[in-house]
Structures are given as C-alpha cells and as structure tokens.
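Shown next, in structure tokens, is the structure this report addresses.
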Amino acid sequence: GAVVSQHPSWVICKSGTSVKIECRSLDFQATTMFWYRQFPKQSLMLMATSNEGSKATYEQGVEKDKFLINHASLTLSTLTVTSAHPEDSSFYICSASDNYEQFFGPGTRLTVL
Amino acid sequence: AQTVTQSQPEMSVQEAETVTLSCTYDTSESDYYLFWYKQPPSRQMILVIRQEAYKQQNATENRFSVNFQKAAKSFSLKISDSQLGDAAMYFCAYATQGGSEKLVFGKGMKLTVNP
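So the sequence lines, in the order shown, correspond to chains A and B. Residues in the first sequence are numbered consecutively from 323, following my numbering. Residues in the second sequence are numbered consecutively from 14, following my numbering.
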C-alpha cells in the first residue's frame, strides 16, 4: 500500500515555542491531506482538511491561527503548532488521500513542557 | 451531522475464536462509505475493511467480514480465527466519499486476544 511518513515521530518543546510537523506521501501524489489529533485513550478528531495550493479547511473549534497548515506540494503538508502550551500535548496524525483511500502516517507525539 | 457510535469500549476473545465488533451510525445521506480501522500499540492506523453503501454485498477481507445493515444503520465487523496480532484498538469510521473526504470516527474499542 501507499506510504505516508511523518517527521518528527516525537518532539518535546518548551511552552511558548512553535513546532512544525511534516507529513509526506512517499509514493503517490495526494491532492488532499488531513490532520487529526488523538488524546490518550480517545478517538481521532479531525483538525483540518488540506488541499494542495489552497487554504486549509478547519473543523469547528480548531484555532486556525494556532495550528497553521501548509500544503505546498502534492506530497507535503505541514502542521505548525504556534506558541505551544501544555494542553496542546497530544498525538498528531496525518493522512493523505489518493481519492480512493486515506493512508495514515505513523503519528507525531508532541509534549509541551 | 454524521455520527458513529461504538458502544462497547472493550472486548476479549480467545485465540482461534470468532468475535464481532458492533458499530452504528447516523446519516441522512444515501450514498457513503464505512470503514473499520485497526490501531495497534504502534498507533499506526491500518485499514481493515471498507464498505460502499450502494453495494448490498457485505465486504470480506480474509478473516475479516462485515455485516452491513443499511436500513438499521449498523456496520459490524466479524473477526474469524482470532490471532494474537489482532489485539488492537478498532475504530469504525464513516465518510461521504471513498477517500477524498474527511473520516468521522467512533470512539473505538479495545480488543484483547487471549492465548
């Protein structure tokens, strides 16, 4: 199946700093990418839908100025958590779509101290 | 808005036995897609099986099969000949299109496989 990578796999940062997470589709072009957040022992919650070359569509309750999403190419989307706070600590998962199926990245664990 | 409900937070099964995971959903759409995803301890989401709502035939993938009841808005997953590697979180999910639209996930169910 198609492969989606995420980098970094885990990151620890200080409160107030910004963190960038990359999501890459390695062997296919993804017109649409999705960003999910998963808190411990909970389900995946969609944060935003990202289409190449256009602004991301954010779900209700997700601060677009805090979670900056850029989908600059058909194989790369980035999520930047700006001015991170401890409550932003979570597991962030991206997925990339080939219009038939979503392929998930391995996730990024963010810990904000 | 579409919702997906998994009412059983945990289940266990003996190795080689069969287990059924339940899922119900709510939608006003007539055409949509349903999925079962597996999330092992590595947390990598893995697609187990998908069902197109317009297809009456239940999807099957090796030891995994679904019982799709469109009128009842029910979508259960049957795992036959359970293996230790089946132990994971299982999420039922809904989408209005096959891959290009967002997934709405249920809360998940933890499956334990006992040797």
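We put the beta carbon where it would ideally sit given N, CA and C, even for glycine. None of these values were measured; they are calculated from a predicted model.
8 Å Cβ cutoff, residue i in contact with chain A
i, result
"B:K115", "yes"
"B:F77", "no"
"B:F118", "yes"
"B:G98", "no"
"B:Q57", "yes"
The beta strand (DSSP E) enclosing residue i, as first and last residue numbers
i, result
"A:D410", "First-last for A:D410: undefined, no H or E at that position."
"B:K91", "S87 to I92"
"A:F389", "F389 to S395"
"B:N80", "F77 to Q82"
"A:S399", "L398 to V403"
"A:R431", "T430 to V434"
"A:M367", "L366 to N373"
"B:N127", "M122 to N127"
"B:T33", "V32 to L34"
Any C-beta of chain B under 8 Å from that of residue i
i, result
"A:I391", "no"
"A:G429", "yes"
"A:I343", "no"
"A:F413", "yes"
"A:T433", "no"
"A:Q328", "no"
"A:F426", "yes"
Contacts of residue i in chain A (Cβ-Cβ under 9 Å)
i, result
"B:L34", "Ordered by position in chain A, no residue passes the 9 Å Cβ test against B:L34, which lies about 14 Å from the chain."
Beta-carbon proximity check, residue i vs residue j, cutoff 8 Å
i, j, result
"B:Q46", "B:R63", "Just to set this straight, residue 46 of chain B is Tyr in the shown sequence, not Gln. Yes. Within cutoff."
"A:L401", "A:V333", "no"
"A:A370", "A:F350", "no"
"B:Q19", "B:K123", "no"
"A:P408", "A:V384", "no"
"B:Q57", "A:P330", "no"
Under 8 Å from the C-beta of residue i: neighbouring residues of chain A
i, result
"B:F104", "S365 and L366"
Contact list for residue i against chain B, beta-carbon separation under 9 Å
i, result
"A:F350", "The premise fails here: A:F350 is roughly 11 Å from chain B at the closest Cβ pair, so nothing lies under 9 Å."
Contact list for residue i against chain B, beta-carbon separation under 7 Å
i, result
"A:T371", "K115"
"A:F356", "K115"
Residue i: contacting residues in chain B (beta-carbon distance under 8 Å)
i, result
"A:S395", "The contacting residues do not exist; A:S395 stays about 17 Å from chain B at best."
Closer than 7 Å at the beta carbon, the chain A residues around residue i
i, result
"B:L60", "E423"
Min CB distance residue i to chain C below 8 Å
i, result
"B:A66", "Absent here is chain C; the protein component of the structure consists of chains A and B."
Three or more C-beta pairs under 8 Å: does that hold for the stretch 396-414 of chain A against the stretch 20-35 of chain B? no
Count the CB pairs spanning the stretch 410-418 of chain A and the stretch 353-369 of chain A that are closer than 8 Å, and state whether there are at least three. yes
Check whether the stretch 326-343 of chain A touches the stretch 364-376 of chain A, taking contact to mean three or more Cβ pairs, one atom from each stretch, closer than 8 Å. no
May I ask you to verify whether the stretch 87-103 of chain B touches the stretch 61-78 of chain B, counting CB pairs closer than 8 Å and requiring at least 3? yes
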